[in-house]
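So for the sequence shown, this note's numbering puts the first residue at 8; every next one is plus one. No residue lacks a Cβ here, since even glycine has one placed at the ideal position from N, Cα and C. No experiment lies behind these values; they were computed from the predicted model shown. In what follows, a structure is listed as structure tokens, so that the remarks can point back to it.
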Amino acid sequence: MTEIIYGLQGEPPASRKGIPYVGGKDKVAACAKHFVGDGGTTRGINENNTLTDMHGLLSIHMPAYSDSIIKGVSTVMVSYSSWNGVKMHANRDLITGFLKNTMKFKGFVISDWQGIDRITTPPGANYTYSVLAGIQAGIDMIMVPYDFNVFISDLTQLVKSNEIPMERIDDAVSRILFVKFTMGLFENPFGDPSLTKELGSEPHRDLAREAVRKSLVLLKNGKPGQVPVLPLPKRASKVLVAGEYADNLGYQCGGWTINWQGFTDNKSTRGTTILSAVKSAVDPSTELVFQENPTEDFVKSNNFDYAIVVVGEPPYAETAGDSENLTMADPGPTVINNVCGAVQCVVIIISGRPLVIEPYMNTIHALVAAWLPGTEGQGVADVLFGDHEFTGKLARTWFKTVDQLPMNSGDPHYDPLFPLGFGLQTVSLVTRSVSAAANGGPCILMVTVSLLISLYLKVAL
């Protein structure tokens with residue numbers, strides 16, 4: 008890989024500027040996945056069926072792979088999903104016919120974890136058939152078959168009986184060796200271990216913090232006719248931070264972090280929670296109170312200047328994240344109602360996708376989609392308190408109810424809560440210093456003007 012590949016998520020790329028593939032010991036062999044239609048399954052369910060004709064497949068799901076191949080991606084991983092009822096791991100027409108022959112992909116195709124085992128239902132019901140179907144479909148490297156001894160035995164027998172021609176084996180081996188030779192793996196088989204000390208270094212964490220603040224999307228900033236809530240003042244008498252997601256690195260990181268399904272504590276990795284970031288950002292004179300699930304009476308009786316409420320969904324990966332309702336985890340809704348009904352509040356949503364938030368919009372004063380910010384919670388505080396501006400915009404449509412799904416920009420009845428490309432910005436236009444001269448001399452007045460801008464791009468597909 009020599010360039011970032013655009014179009015794998017979010018808005019369609021405006022152009023495709025191809026560059027030659029360049030290998031070598033300083034390069035990374037990138038993998039494009041999951042081929043193809045993985046993001047278009049019915050109801051968004053993992054390993055489900057993508058129902059669309061060839062035109063839909065080519066116009067919606069295939070362009071990112073074309074762009075990836077042009078820019079030098081060297082491996083492609085196959086999806087667990089099916090296309091019109093045909094398992095992708097057994098789809099010769101798309102893997103060999105289209106990917107390798109039509110798109111001229113010269114790298115190798117790899118299965119997903121135990122992907123060939125899942126060609127049949129239940130998995131492994133006819134293992135010899137699964138091996139035959141997967142290899143003949145064009146898969147060159149099998150990742151972790153359930154029982155590698157049975158896989159080797161079945162594959163050997165299928166080659167001996169010529170059900171899988173030796174030419175297919177030679178093709179797979181040639182593709183794998185081509186990538187390894189191009190990457191210089193035989194001359195330099197190991198990475199430079201001295202670089203490991205740089206992982207998680209201060210520059211890395213600074214870059215991650217920048218990524219956080221640039222990815223946050225401001226969805227609401229004050230009720231109609233009222234002064235914008237953000238940026239928040241750092242100096243206040245008393246501030247409330249609420250919600251169990253405010254002080255949990257595991258929730259911030261999501262799935263595929265430390266473990267497959269993530270973690271739910273502050274001990275598994277180092278980092279800064281949103282609560283800790285807020286504590287560091289506010290003025291030392293500000294009293295900061297943290298309650299995971301405060302009652303409405305508690306909020307009303309404490310005379311808070313404002314509140315920051317952090318809610319969301321727990322970590323998940325793959326099938327564990329399948330949901331038919333896409334609602335926030337309890338007690339998130341209760342915290343929103345108890346806090347935002349009693350004091351001016353900013354709600355921060357920690358999630359890997361849009362969730363049902365429309366029922367609470369009238370109660371919420373300001374709303375921020377933080378996605379999965381990871382370990383650098385300071386990036387959230389950076390924009391909440393105005394050290395940096397909100398610049399992020401939605402990479403996907405935010406629906407009102409799950410009954411609207413699937414919903415795509417350009418649909419005839421497109422009526423989202425927030426459209427694709429939506430994002431509010433607070434832009435500091437004028438800043439002056441304030442100082443009253445003690446001796447009655449001239450004073451300099453500080454004036455800060457904030458302009459609230461609604462930015463969105465409507466893309467017709």
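query, result
"From residue 261 to residue 419, what does the alpha carbon distance come to, in whole angstroms?", "34 Å"
"Assuming residue 163 is part of the alpha helix (DSSP H), what are its boundary residues?", "155-167"
"Where does residue 57 fall in DSSP's three states?", "strand"
"Would you mind listing the alpha helix (DSSP H) stretches within the region 220-261 that are 4+ residues and don't spill past its ends, in chain order?", "256-260"
"Between which two residues does the beta strand (DSSP E) containing residue 84 stretch?", "82-85"
"Thinking just about the alpha-carbon of each residue, which of 236, 331 and 324 is nearest to the one in residue 390?", "236"
"Which runs of the beta strand (DSSP E) fall wholly inside the region 70-132 and span at least 3 residues, in chain order?", "82-85 and 115-117"
"Which of the three DSSP states, helix, strand or coil, is assigned to residue 143?", "helix"
"Could you tell me which whole beta strand (DSSP E) segments of length 3 or greater appear in the region 329-361?", "352-357"
"Could you give the distance in angstroms between the alpha-carbon of residue 392 and the alpha-carbon of residue 289?", "8 Å"
"In this structure, does DSSP put residue 302 in helix, strand or coil?", "coil"
"Could you check which residue in 355, 361, 157 and 81 has the C-alpha nearest to that of residue 114?", "81"
"Does the region 215-222 come into contact with the region 372-387, if we say contact requires no fewer than three beta-carbon pairs (one atom in each stretch) closer than 8 Å?", "yes"
"What do you get for residue 107, buried or exposed, if any count of 16 or more other CB atoms within 10 angstroms of its CB means buried?", "buried"
"Report the three-state DSSP secondary structure of residue 455 (helix, strand or coil).", "Low confidence applies here, because residue 455 scores a pLDDT of 40, under 50, leaving its location unreliable and the question unanswered by this model."
"Taking only three categories from DSSP, how would you classify residue 371?", "coil"
"May I ask you to list the residues that DSSP assigns as paired with residue 314?", "247 and 352"
"Which of helix, strand or coil does DSSP assign to residue 40?", "strand"
"Report buried or exposed for residue 310, applying the criterion of at least 16 other Cβ atoms within 10 angstroms of its Cβ.", "exposed"
"Just how far apart, CA to CA, sit residue 401 and residue 365?", "16 Å"
"Helix, strand or coil for residue 436, going by three-state DSSP, please let me know.", "At residue 436, the pLDDT of 40 sits below 50, so the modelled position is not reliable and the matter cannot be decided from this model."
"Excluding the 5 residues flanking residue 299 on each side, which residues of the same chain have their C-beta closer than 6 Å to its C-beta?", "251"
"On the DSSP letters alone, give me the boundaries of the alpha helix (DSSP H) that residue 190 sits inside.", "That residue, residue 190, is in no alpha helix (DSSP H); it is neither H nor E in DSSP."
"What are the residues that DSSP puts in a beta bridge with residue 215?", "None, per the DSSP bridge assignment."
"Let me know if residue 228 comes out buried or exposed under the rule of 16 or more other beta-carbons within 10 Å of its beta-carbon.", "buried"
"Please confirm if the region 173-188 is in contact with the region 144-153, defined as three or more CB-CB distances below 8 Å between the two stretches.", "yes"
"So what's residue 1 in DSSP terms, helix, strand or just coil?", "Because the chain here runs from 8 to 468, residue 1 falls outside it and cannot be looked at."
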